[in-house]
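Visitor:
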Amino acid sequence: MKKFNWRKWCDDFVLAGKGIMLATREKRFWAGFVPAFLAFGTLINLLSGGFSKFELMGALGFPQSLQIIWSALIGTFGIQMVFSEWLFGFLIAILQGALIGLIVLLWKKKREQNAANMQKAGIVAGLIALGAGCPTCGTTLLTPLLGAIFSTGSFAVAGVISGVVTGAAVLIAVLSLKRLGLETYVIIVNEKYLAKKAKGKVE
Numbered sequence: 086m087k088k089f090n091w092r093k094w095c096d097d098f099v100l101a102g103k104g105i106m107l108a109t110r111e112k113r114f115w116a117g118f119v120p121a122f123l124a125f126g127t128l129i130n131l132l133s134g135g136f137s138k139f140e141l142m143g144a145l146g147f148p149q150s151l152q153i154i155w156s157a158l159i160g161t162f163g164i165q166m167v168f169s170e171w172l173f174g175f176l177i178a179i180l181q182g183a184l185i186g187l188i189v190l191l192w193k194k195k196r197e198q199n200a201a202n203m204q205k206a207g208i209v210a211g212l213i214a215l216g217a218g219c220p221t222c223g224t225t226l227l228t229p230l231l232g233a234i235f236s237t238g239s240f241a242v243a244g245v246i247s248g249v250v251t252g253a254a255v256l257i258a259v260l261s262l263k264r265l266g267l268e269t270y271v272i273i274v275n276e277k278y279l280a281k282k283a284k285g286k287v288e
């Protein structure tokens, strides 16, 4: 059995981090990041108490529902939120926004380069997005469901399972970021190299 190379694994994370930093200099990254961050942050806050806020929105009607959505949106930035509860949701929204931002950037760059495997790359990117999923949303939806199955005295069990699912989902998201960050680093560095070569600065 081949021995796992920890050094290479760590180096890949470093390069992925550099790729993400390079991506933040691109407008297309922010075009994907900002809407995704706001959307997931709002959804996380809406689902923080299960389906109760959606039930309340259904009972109140459209104008009052907008106020609830607005409160969830500004809650993404910690406004009127308990710090310990806000921090985790904020980090998850950042993580998910970065994933979407990288996918948008990679898709645009591969489209511009007119790569032969562009169609295949687009499918892979879509699968990565689905695989990364929404770490918090899936978990938050799971908690009220399990709460309905278990008795009130056993609700702690739902919390434990929810925590396990959250941890697994976050791990998948981080590994997806590593993969996308690496690909971003390779494409941007290669793009800069070709640009310099075209100007005659590289032999």
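Residues in the sequence shown are numbered from 86 upward in steps of one, following our numbering. Glycine residues also receive a C-beta, built at the ideal position from the N, C-alpha and C atoms.
Helix, strand or coil for Lys284? Go by DSSP, reduced to three states.
Guide: Three-state result, Lys284: coil.
Visitor: State whether the stretch 87-107 contacts the stretch 150-165, with contact taken as three or more CB pairs (one from each stretch) at a distance under 8 Å.
Guide: With a cut-off of 8 Å on Cβ pairs, the stretch 87-107 is not in contact with the stretch 150-165, counting fewer than three such pairs.
Visitor: Pull up the distance between the alpha-carbon of Leu190 and that of Phe122, whole angstroms please.
Guide: 15 Å
Visitor: Going by C-alpha distance, which of Leu100, Ala124, Ala283, Gln165 is nearest Leu180?
Guide: Ala124
Visitor: Under 8 Å: do the stretch 259-278 and the stretch 98-109 share three or more Cβ pairs, one atom per stretch?
Guide: Result yes; three or more Cβ-Cβ pairs closer than 8 Å.
Visitor: Tell me which residue opens and which closes the alpha helix (DSSP H) that Met142 is part of.
Guide: Per DSSP, Met142 belongs to the alpha helix (DSSP H) from 137-145.
Visitor: Closest by CA to Ile159, which one among Lys112, Thr127, Glu140?
Guide: Thr127
Visitor: At least one CB of chain B closer than 8 Å to the CB of Ala258: is that the case?
Guide: The displayed structure is made up of one protein chain only, and chain B is not part of it.
Visitor: If I measure Cβ to Cβ from Gly163 and keep anything under 6 Å in the same chain, skipping five residues before and after, which residues do I get?
Guide: These residues qualify, in order along the chain: Trp171.
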